[in-house]
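The numbering of the sequence shown is the numbering used here, which starts it at 114 and goes up by one.
Cβ coordinates follow ideal geometry from the N, Cα and C atoms, glycine included.
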Amino acid sequence: MDTQTVDTKEAEYDALNAKSAEEVVGWTLGQFGDRGALMSSFGLEDVVLIDMMAKINPKARIITLDTGRLNQETYDVMDKIRDKYGVSIEVMFPDAQKVEEMVRTKGMNLFYHSLENRKECCRIRKVDLLNRALGDLDAWITGLRRAQVVTRTETKKVEIDHDRGGMVKVNPLADWAVNQVWDYVKANHVPFNVLHERGYPSIGCAPCTRAIAAGEDLRAGRWWWELPEHKECGLHVQSP
């Protein structure tokens, strides 16, 4: 994609920032069809998006990455979502050989020992898997919100993902506050992960997620032994 085309596309996508979340979801499904998909971890934002998508097109693609270290509660809500909406969920798994080699050489809980180890685990279990999942897509939908963490404050509703070949990244809830997410869940009776009611606003792999205390940052429970600026697994980091 040449510079002029990129600039034109970015201007078009910037205009979508004024649209509602539902309008952005509708635009994405209409624009990309089967070449677009929600990448879901079944967190609170993701189930909101599934509800919106199912109302527009129940056959819209939903992809989830099973790292092999998820909480049982995550599998439970996955089943509830499938039952309520009748959607098909594409479950993907990391390369077993790479996982086995990593665990054999560095241990099952290598991520506690260094930032480098943690990033390696995230790369093998999540990032490499995501890149494979995105292989047949032109657009991916996420539940990112600007208010979630300091590394996401510049998130746009629709943007070009320059680190992934210029595909389109869609974040319909970018401007939502957490209370808006909860209001939508309750008003629309959306199934959600019960860990959210037990002090887990952000849920990832079981050994890398804990409940937070009152007043803590919403993602304080993710990789809690690291500095805030390091609290990304690599799925949503773009080069400057």
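- For the pair Pro320 and Lys269, the Cα-to-Cα distance works out to about 30 Å.
- A distance of 7 Å or more separates the beta carbons of Leu242 and Glu158.
- Beta-bridge pairing by DSSP links Arg174 to Ala150.
- For Trp253, the three-state secondary structure derived from DSSP is strand.
- With contacts defined by Cβ atoms closer than 7 Å, Leu142 and Ile169 form a contacting pair.
- A distance below 7 Å separates the beta carbons of Arg258 and Trp289.
- Just measuring C-alpha positions, the residue of Asn244, Glu203, Leu162, Ala326 sitting nearest Ala134 is Leu162.
- Distance between Thr121 and Val271, taken at the CA atoms: about 13 Å.
- Checking the DSSP bridge columns, you'll see Val204 partnered with Thr177.
- Taken atom to atom, the span from the alpha-carbon of Thr187 to that of Gly317 is near 9 Å.
- Non-local C-beta neighbours of Val160 in its own chain, meaning closer than 6 Å and more than five positions away in sequence, comprise Val303, Phe305, ordered along the chain.
- Here the alpha carbons of Val281 and Ala252 stand approximately 4 Å from one another.
- With 16 or more other Cβ atoms from the protein chains shown falling within 10 Å of its own Cβ, Ser315 counts as buried.
- Secondary structure note for Asp274: its beta strand (DSSP E) is the uninterrupted segment 271-274.
- DSSP lists Ile254, Val271 as the bridge partner or partners of Val283.
- If the five residues before and after Asp147 are omitted, its C-beta is found closer than 8 Å to the C-beta atoms of Arg174, all from its own chain and listed in chain order.
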